[in-house]
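Take a look at the structure below.
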Amino acid sequence: MSQVYFKRGTYQEFLAQPQKILDGIKKSGFLKEIKKDEFIGLKIHFGEKGNKSYINPALLSPLARFLNKRGARPFLFDTNTLYRGERTNSVDHIRIANKHGFGKLDIPIIIGDGLRGNDYLKVKCSQKHLKDFYLAQILKDIDFVLVFSHFTCHMLTGFGAAIKNMGMGCASRRGKLSQHCVVSPNIKEGQCVKCGMCAKFCPADAISEGKDAFFIDEKKCIGCAQCISVCPHGAVKISWSESYDELAQKMVEYAFAATQNRKCAYVNFCIYITKECDCMNKEKSGFIKDLGVLFSWDPVSIDKASIDLLLQREKHDVFKDAHPSINYLRHLEYAQEIGLGELGYKLIEI
Ligand code: SF4
Ligand code: SF4
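Residues -14 to 335, numbered by this note's numbering, are exactly what the sequence shown covers, in order.
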């Protein structure tokens, strides 16, 4: 059974003592695997412009110092986004990462799928939905991936953490598109009051004003679902059951392809938990109270443990409160089914 280490605490407590993150990583045995001169990729989300809930770089400062001292070659990395924003190309992406303080860590920042998100590593892996996977090219040469995930609720997958960080976050633009292409929203005429919010937030310029309502150009839509979350009148609809199942299962298949024959370890930050992911460029306060930080070698166990601990504490389904139409446990079950990891785990509080 996989082991999941858990350090209880709040965002402010970890910020006051970031050494606790390094201690948790040490206890979990990750550092024993790191050797001098190895390329250690710290997978992270640098946060969209205007977003405040991304993992605070100060929390990684003791780890960065430790890795540098050990003579390894650590670097931070992410991939470019499918949608048009501040992280669509490597130049703007690195600029926003620096603005969010990641440049202060004294380890380089690399965007793993090239200048425009088109540099991929093609991997064959026969799964139910996909056979060819277009991963970020950087994965080819990394010796060890340390996956730092900010646990959030999510409008498309119910929640996002380690699996999503590897599945969506390690895909090149082509890979992201092959996962998102199942999401195709439409606007209900009778419900749309033509306020224009959806068009303002659409990162693909896919929404225009029609005579009686706004409408979506399917050819331009990239399936990011931002219009669904911003419409104040619930006029943007989607077939959730079909979209969730297929998108989430494709994401799991991508996570499987990204982790095969690769040394990966996972850290979930269950603090500053928001209703949507860090791609949202709106400032948000925490939706669920802080819980702590989890560490594991298993992406399925760590995500399941994060959910279990939050549900136990909240005593009701907070994920359903956020996104009622999504049965978020199904993609974890699928992850176990295809061998990405185990739903069962042993929790060790440290
Ligand atoms: S946000 Fe909703 S109500 Fe406003 S224009 Fe878009 S679909 Fe219509
Ligand atoms: S899902 Fe909505 S916001 Fe996203 S690209 Fe399509 S129309 Fe635009």
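Each residue gets a CB set at the ideal place from its N, CA and C atoms; glycine is no exception.
Coarse secondary structure for residue i, derived from DSSP in three states
i      : result
Arg315 : helix
Leu120 : strand
Cys212 : helix
Tyr105 : strand
Phe51  : helix
Gln112 : coil
Val221 : strand
Val278 : strand
Lys260 : coil
Thr244 : helix
Cys187 : coil
His298 : According to the sequence displayed, residue 298 carries Arg and not His. Correct three-state label for Arg298: helix.
Phe338 : This structure cannot speak to residue 338, because the chain is shown only from -14 to 335.
Glu174 : coil
Glu194 : strand
Phe272 : coil
Arg80  : helix
Gln4   : helix
Sequence-distant residues of the same chain with beta carbon closer than 8 Å to residue i, five excluded per side
i      : result
Gln321 : Val285, Glu327, Leu328
Arg247 : Leu124, Ile127, Val130
Thr142 : Lys149, Tyr229, Leu232, Ala233, Met236, Ile311, Tyr313, His316
Leu90  : Pro42, Leu45, Ser46, Ala49, Leu61
Val132 : Lys28, Ala147, Asn150, Met151, Cys249, Ala250, Tyr251, Val252, Pro284
Pro3   : Ala43, Leu44, Leu45, Ser46, Pro47
Sheet register partners of residue i (DSSP bridge)
i        : result
Ser13    : According to DSSP, which records beta bridges pairwise, Ser13 is partnered with nothing at all.
His308   : His308 pairs with nothing; no bridge assigned.
Leu131   : Leu27, Ala250
Leu61    : Leu27, Ile94
Gln(-12) : Lys331
His139   : Gly143
Ile340   : What the structure shows of the chain is the stretch from -14 to 335, and residue 340 is not part of that stretch, so it cannot be assessed.
Ala43    : According to DSSP, Ala43 bridges with nothing at all.
Cys255   : Gly277
Arg(-7)  : Gly277
Ala156   : Leu120
Residue i: CB within 8 Å of a non-hydrogen atom of ligand 2
i      : result
Ala82  : no
Ala242 : no
Gln211 : yes
Val285 : no
Ala43  : no
Ile311 : no
Ile92  : no
Ala146 : no
Pro188 : yes
Val167 : no
Lys161 : no
Lys205 : yes
Tyr68  : yes
Gly336 : Residue 336 falls outside the range modelled here, since the chain spans only -14 to 335, and no answer is possible.
Gly9   : no
Own chain, CB closer than 7 Å to residue i, minus 5 neighbours either side, in chain order
i       : result
Glu231  : His114, Val167
Glu23   : Ala57, Arg58, Asp128, Phe129
Met182  : Val215, Cys216, Pro217
Lys(-8) : Lys5, Gly9, Gly277, Val278, Ile335
Cys187  : Gln211, Cys212
Gly160  : Tyr105, Phe118, Tyr119, Leu120, Tyr239
Thr(-5) : Ile256, Asp275
Same chain, Cβ closer than 6 Å to residue i, neighbours up to 5 away in sequence not counted
i      : result
Ala121 : Thr64, Gly97, Asp98, Cys155, Ser157
Gly32  : Tyr39, His85, Asp263
Ile192 : Cys183, Ala184, Phe199, Ile201
Thr73  : Asn65, Thr66
Phe241 : Ile323, Leu325
Arg101 : Asn74
Val303 : Ile273
Cys177 : Ala198, Phe199, Ala220
Lys260 : Cys138, Phe272, Ala307
Proximity test, residue i beta-carbon vs ligand 1 heavy atom, cut-off 8 Å
i      : result
Pro217 : yes
Ile172 : yes
Ala220 : yes
Val132 : no
Lys12  : no
Met140 : no
Ile192 : yes
Lys353 : The chain is shown from -14 up to 335; residue 353 falls before or after that span and cannot be answered.
Gln176 : yes
Met182 : yes
Proximity test, residue i beta-carbon vs ligand 3 heavy atom, cut-off 8 Å
i      : result
Phe199 : The ligand content of the structure shown is limited to ligand 1 and ligand 2, which means ligand 3 is not among them.
Cutoff 9 Å: residue i Cβ touching any chain B Cβ
i      : result
Lys235 : This model lacks chain B altogether, as it is built from one protein chain only.
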